[in-house]
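The structure under discussion appears below in the form of structure tokens.
In this note's numbering, the protein residues as written are -19 to 39.
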């Protein structure tokens, strides 16, 4: 996919930080042609999770 320049768009209700890390660990590299549209975690200076960024919808 990367060699052909095909863009990949991943939509998820999960956390982009986790999805991107799984890509890095399982594929052993990061891809410039992959865009993850998802919620993100926000950490403080000490590395503690303090918030989430993104739109959350309650149904």
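Note that beta-carbon positions come from the ideal geometry of N, C-alpha and C, so glycine has one too.
Spanning the alpha carbons of residue -14 and residue 21 requires a straight line of approximately 28 angstroms.
The shortest C-alpha to C-alpha distance from residue -8 to any of 13, 19, -17 is the one to 19. Membership of residue 7 in the alpha helix (DSSP H) is indicated by the continuous run -4 to 7. Spanning the alpha carbons of residue 33 and residue 2 requires a straight line of approximately 19 angstroms. The secondary-structure analysis by DSSP pairs residue -16 with nothing; it has no beta-bridge partner.
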